[in-house]
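Enquirer: Order-wise, the sequence lines are chains A and B.
Per the UniProt record's numbering, the very first residue in the first sequence carries number 1; after that it's consecutive.
Per the UniProt record's numbering, the very first residue in the second sequence carries number 1; after that it's consecutive.
This is the structure, below, for whatever I ask next.
2 protein chains.
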Amino acid sequence: MSKTLQSFFPWIKTPFIISAPMLGASTSRLAVNVSRAGGLGFVAGGTDPASLNKMLNESKQHPFEMFDYPYTNLLQRRGALPIGVGFQLFNSNLELLAPIIASHKPAAVWLFAPKVEEDLRSWATQIREATDGLTRICVQVGSVAEAERSLALAELDFLVLQGSDAGGHGRRQSASIISLVPEVKDRLAVTQKAGVPVLAAGGIADARGVAAALALGADGVVMGTRFLASEEAGIPEGWKRQLVNTGDGGVTTRRSTLCDRLKENHDWPAWYNGRTIRNKGHDDEEGGMGDEENVRLYKEESKRGDSAWGAHGRMVTYSGTGVGLLHSVEPVESIMEKTIRESRHMLEMSYRQAIARL
Amino acid sequence: MSKTLQSFFPWIKTPFIISAPMLGASTSRLAVNVSRAGGLGFVAGGTDPASLNKMLNESKQHPFEMFDYPYTNLLQRRGALPIGVGFQLFNSNLELLAPIIASHKPAAVWLFAPKVEEDLRSWATQIREATDGLTRICVQVGSVAEAERSLALAELDFLVLQGSDAGGHGRRQSASIISLVPEVKDRLAVTQKAGVPVLAAGGIADARGVAAALALGADGVVMGTRFLASEEAGIPEGWKRQLVNTGDGGVTTRRSTLCDRLKENHDWPAWYNGRTIRNKGHDDEEGGMGDEENVRLYKEESKRGDSAWGAHGRMVTYSGTGVGLLHSVEPVESIMEKTIRESRHMLEMSYRQAIARL
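Given below as structure tokens:
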């Protein structure tokens, strides 16, 4: 992990783990518990300032005592929150949301999916001004070119590099982090931006993915799906159960725009789609069913509660390809502790393996 | 690396690197030089026994002296070749090819793409018998379920796990190695097959990918695209130049069946497609051009030689997403030396990073 990240977030441990901002799922309790365990938890900002304000107020009811030192000295006495907030730019209003950021001063803001990339500049500038530089700003990108363009457009504190394995929304066309992370690192070095920390996202669901990300040159990782299957995640039990019961994510999940069409969310820029667990909605679409009927059946099924989830259900079940690495719903604290401990062990073992026969 | 792999191939170094069997590209000189540098080089067997026989005879003209010890003791004095041969099963005739394997005794045979998976059994059995067990047998798979089915069907010595980033042919639906490798390892442990070594393939083009694969739990790696850009690769200079000049492989390469349709190779089982660098053929297809006209233009362009390659050309340019990590055409010996050395360093550095802040 770079010294830069330590200076941004003085409480963090290594390997550095971020929980992704996932709308509805990333509760303030989830985010706080990730930060308390030495990571950086994110909530999803959504589009409604009042809801965001409420969620950030709630986050202050969770105990932050572990941040007494050294966090207090550096950020907390200036009133900052040791969690981050993520925004989907294409449908969010900066003017309405910036005052909430100014009021709560989250440790970080995560920008994703601008309608036009130039919007990154105004978001980064206004958020930085709103908290007098206390809030660190990152952008989630899915290609080498997008990383370079984003850094040229806006002053950014770190980058999230999202590979093709990620659950939820991402670029339709992308590599996995296996090639994305090292190539971006090389480009940053060439363009005098070698100091910009990069976090790897997509397909990482346990210690081995974390260890691999560090070996690729990342300064830390983002996990999403792993935290969906946490006690703190604000999603239906049916969804959590399906995550625990699903394996072989490369085959059982799909990247598609079906998730947005079923939810009648037609505003996503055309270069994104979302990875979900494949279910009846996909089967019917491949069998020739049109959106109108598929949406109707989706809405009908939504009323069934937890039993609507599953491979034979129709719910939109965001998940990355790492879903087969989850075997139970656990508290965030134990996910964090185990992942950090085992990833250190994995790197020690693989270094020994690498020098076994010279 | 597992002790098992050391016993199969006594000359190998760690990290263990395999060069993929790539039809036309993987010359006997390429394969021999990979093995000489401490890896295991593969040639592609193709479908014609006479050509395979010729290629394996040629391989014996390259110096094998580095294998004097301990290789000689274990395999060479029984007349085996320290390289492997890969077969695409769906269009290959086992009865015609097995005698060539019996005669040359390659150190390994790599099985891929059977028309029906049950064919793995006859291939594995007959090849094992043909060389009295001297030839080790692996299967390339692209999902957790396929790995388990293959191991249940045939006696296999190791597995190649191919992720979605791979160049050339692979499963249309797959995860990258980030989640595929650890999940397969977990399944092998549960099914009492923990001793079966696994090699990671797809998107690995330099030391960082190798280090990551080990951190994921792999016993070694396969590189394809990196060896296409080697002096020894038997492909046109235009193709090599395009590999060196292409970056951001997640965006600039595509998985598609266009490669097979252009080459009028309609025999590939439906669950495979191929990753190539995107070019004019893809543009025209997306613009609505039918196969007949696209094939005609492809054949026309094929006559232009090296200038037919490039993003504005039409040649079938197999490449993985790691293409942006290649910056020059190099001899195999230097690719191997650098990759092995730097991957050890990368693992040492990332272990130190992981324990920096406890």
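Even glycine gets a Cβ: it sits at the ideal position worked out from N, Cα and C.
Tell me the rounded alpha-carbon separation between residue 361/A and Q173/A.
Expert: The question about residue 361/A has no answer here: the residues shown for chain A are numbered 1 through 358.
Enquirer: For R296/A, count the other beta carbons within 10 Å of its own beta carbon; 16 or more makes it buried, fewer makes it exposed. Which is it?
Expert: The residue labelled residue 296/A in the question sits at position 296 within the first sequence. Classification of R296/A: exposed, given that the 10 Å Cβ count is below 16.
Enquirer: Three or more C-beta pairs under 8 Å: does that hold for the region 192-206 of chain B against the region 177-192 of chain A?
Expert: With a cut-off of 8 Å, the region 177-192 of chain A and the region 192-206 of chain B count as touching, because enough Cβ pairs lie within range.
Enquirer: According to DSSP, is A107/A part of a helix, a strand, or is it coil?
Expert: Here residue 107/A refers to the residue found at position 107 when the first sequence is read from its first residue. In this structure, A107/A counts as strand in the three-state DSSP scheme.
Enquirer: Apart from the five residues on each side of it in sequence, which residues of its chain come closer than 7 Å, Cβ to Cβ, to G46/B?
Expert: Numbered from 1 along the second sequence, position 46 holds the residue referred to as residue 46/B. Result list for G46/B: L23, L52, in chain order.
Enquirer: For L262/B, is the classification buried or exposed, using 16 other Cβ atoms within 10 angstroms of its Cβ as the cut-off for buried?
Expert: Taking the first residue of the second sequence as 1, we reach residue 262/B at position 262. Buried, since its Cβ has 16 or more Cβ neighbours within 10 Å.
Enquirer: What in chain B is Cβ-close to Y351/A, meaning under 7 Å?
Expert: Here residue 351/A refers to the residue found at position 351 when the first sequence is read from its first residue. Simply L347, E348, Y351.
Enquirer: Within the chosen definition, does the region 265-279 of chain A reach the region 111-119 of chain A through at least 3 CB pairs nearer than 8 Å?
Expert: These segments touch.
Enquirer: What does S19/A pair with, by DSSP beta-bridge criteria?
Expert: Counting from one through the first sequence, the residue named residue 19/A turns up at place 19. In the DSSP output, where bridge partners are listed per residue, S19/A has G41/A, M223/A.
Enquirer: Taking 9 Å as the threshold (C-beta atoms), are R171/A and S150/A in contact?
Expert: By one-based count along the first sequence, residue 150/A stands at place 150. By one-based count along the first sequence, residue 171/A stands at place 171. Not in contact: S150/A and R171/A (Cβ atoms no closer than 9 Å).
Enquirer: Can the beta-carbon of S350/B be found less than 9 Å from the beta-carbon of A211/A?
Expert: Counting from 1 along the second sequence, the entry for residue 350/B is found at position 350. Counting from 1 along the first sequence, the entry for residue 211/A is found at position 211. Contact: yes.
Enquirer: Within 9 Å (strictly less), CB to CB, does residue 366/B reach chain A?
Expert: Residue 366/B lies beyond the range of chain B shown here (1 to 358); nothing can be said about it.
Enquirer: Using C-beta distances below 6 Å, list every residue in its chain close to N73/A, excluding the 5 sequence neighbours before and after it, in chain order.
Expert: Here residue 73/A refers to the residue found at position 73 when the first sequence is read from its first residue. Any answer about N73/A is weak, because its pLDDT of 49 lies below 50 and its placement is not dependable; what the coordinates show is given next. There are no such residues.
Enquirer: So is T4/B in contact with chain A if we call contact Cβ pairs under 9 Å?
Expert: One-based indexing of the second sequence puts residue 4/B at position 4. Not an interface residue.
Enquirer: Taking the C-alpha atoms as reference points, what is the distance between Y69/A and I355/A?
Expert: What you label residue 69/A is simply residue 69 of the first sequence in a count that begins at 1. What you label residue 355/A is simply residue 355 of the first sequence in a count that begins at 1. Model confidence at Y69/A stands at a pLDDT of 47, short of 50, so the residue's coordinates are unreliable; what they give is reported in the following sentence. Looking at the two C-alpha atoms, the distance is approximately 39 Å.
Enquirer: Would L216/A pass as an interface residue toward chain B - the criterion being a Cβ-Cβ separation below 9 Å?
Expert: To locate residue 216/A, count along the first sequence from 1; it is residue 216. Taking Cβ atoms only, chain B reaches closer than 9 Å to L216/A, which makes this a yes.
Enquirer: Does S256/A come out as helix, strand or coil in the three-state DSSP assignment?
Expert: Your numbering for residue 256/A matches position 256 in the first sequence. Reduced to three states, the DSSP call for S256/A is strand.
Enquirer: If I follow the unbroken beta strand (DSSP E) through F298/B, where does it start and stop?
Expert: Here the question's residue 298/B lines up with position 298 in the second sequence. It is Tyr, not Phe, that sits at residue 298/B in the sequence shown. Where Y298/B is concerned, there is no enclosing beta strand (DSSP E), although the alpha helix (DSSP H) it sits in stretches over 291-302.
Enquirer: At the level of alpha carbons, what is the spacing between S122/A and E129/A?
Expert: Counting from one through the first sequence, the residue named residue 122/A turns up at place 122. Counting from one through the first sequence, the residue named residue 129/A turns up at place 129. Approximately 10 Å between the Cα atoms of the pair.
Enquirer: If the cut-off is 8 Å on Cβ atoms, which residues from the region 274-289 of chain A count as contacting chain B, listed in chain order?
Expert: Residues: none.
Enquirer: Among W268/A, D267/A, Y298/A, which residue has its Cα nearest to the Cα of residue 363/A?
Expert: Outside the shown range of chain A (1 to 358) lies residue 363/A, about which nothing can therefore be said.
Enquirer: Determine the burial state of K240/B: buried for a count of at least 16 other Cβ atoms within 10 Å of its Cβ, exposed for fewer.
Expert: Here the question's residue 240/B lines up with position 240 in the second sequence. It counts as buried.
Enquirer: Counting only beta-carbon separations shorter than 9 Å, does E117/A have a partner in chain B?
Expert: Residue mapping note: residue 117/A aligns to position 117 of the first sequence, counting from 1. For E117/A, the answer is no, since every Cβ of chain B falls outside 9 Å of its Cβ.
Enquirer: Which of helix, strand or coil does DSSP assign to F158/B?
Expert: Taking the second sequence and counting its residues from 1, the one referred to as residue 158/B is at position 158. Note: F158/B maps to strand in three-state DSSP.
Enquirer: Starting from G238/A, follow the alpha helix (DSSP H) in both directions and report where the run begins and ends.
Expert: Working through the first sequence from its first residue, we reach residue 238/A at position 238. Element bounds for G238/A: 237-245.
Enquirer: Please name the residue in H312/B, G209/B, V184/B whose C-alpha comes closest to that of A166/B.
Expert: In the second sequence, residue 166/B corresponds to position 166, counting from 1. Residue G209/B is the option with its Cα nearest to A166/B.
Enquirer: Using the rule of at least 16 other Cβ atoms within 10 Å of the residue's Cβ for burial, across every protein chain shown, is F288/B buried or exposed?
Expert: For this step, residue 288/B is matched to residue 288 along the second sequence. Note that residue 288/B corresponds to Gly in the displayed sequence, not to Phe. Flag for G288/B reads exposed.
Enquirer: Let's see if you can read the secondary structure: which residues bound the alpha helix (DSSP H) around residue 359/A?
Expert: What is shown of chain A runs 1 to 358, which leaves residue 359/A out entirely.
Enquirer: For L358/B, count neighbouring Cβ atoms within 10 angstroms of its own Cβ and tell me buried if that reaches 16, exposed if not.
Expert: Translated into the one-based positions of the second sequence, residue 358/B becomes position 358. L358/B should be labelled exposed.
Enquirer: Under the three-state reduction of DSSP, which class applies to P331/B: helix, strand or coil?
Expert: For the purposes of this step, residue 331/B is taken as the residue at position 331 of the second sequence. Coil, per DSSP.
Enquirer: Can you name the residues that DSSP bridges to H169/A?
Expert: Taking the first sequence and counting its residues from 1, one reaches residue 169/A at position 169. In DSSP, H169/A forms a bridge with G274/A.
Enquirer: Is DSSP giving G137/A helix, strand or coil here?
Expert: By one-based count along the first sequence, residue 137/A stands at place 137. First, the residue type needs correcting, since residue 137/A is Ile and not Gly in the sequence shown. I137/A: strand per DSSP, three-state reduction.
Enquirer: Might you give, ordered along the chain, the residues of its own chain that have their beta carbon closer than 8 Å to the beta carbon of N91/B, omitting 5 neighbours on each side?
Expert: Reading the second sequence from its first residue, position 91 is the one you call residue 91/B. Excluding residues within five positions, the ones whose Cβ falls inside 8 Å are T47, D267.
Enquirer: Verify the CB distance criterion: does K338/B have a CB-CB separation below 9 Å to chain A?
Expert: Looking up residue 338/B in the second sequence gives position 338. Not one chain A Cβ lies under 9 Å of K338/B.
Enquirer: Is the beta carbon of A102/B sitting closer than 9 Å to the one on F9/B?
Expert: As a first step, residue 102/B must be located in the second sequence, where it is residue number 102. As a first step, residue 9/B must be located in the second sequence, where it is residue number 9. Not in contact: A102/B and F9/B (Cβ atoms no closer than 9 Å).
Enquirer: Please tell me whether K60/A has its Cβ less than 9 Å away from any Cβ of chain B.
Expert: Within the first sequence, numbered from 1, the residue matching residue 60/A stands at position 60. With 9 Å as the cut-off, K60/A does not count as an interface residue toward chain B.
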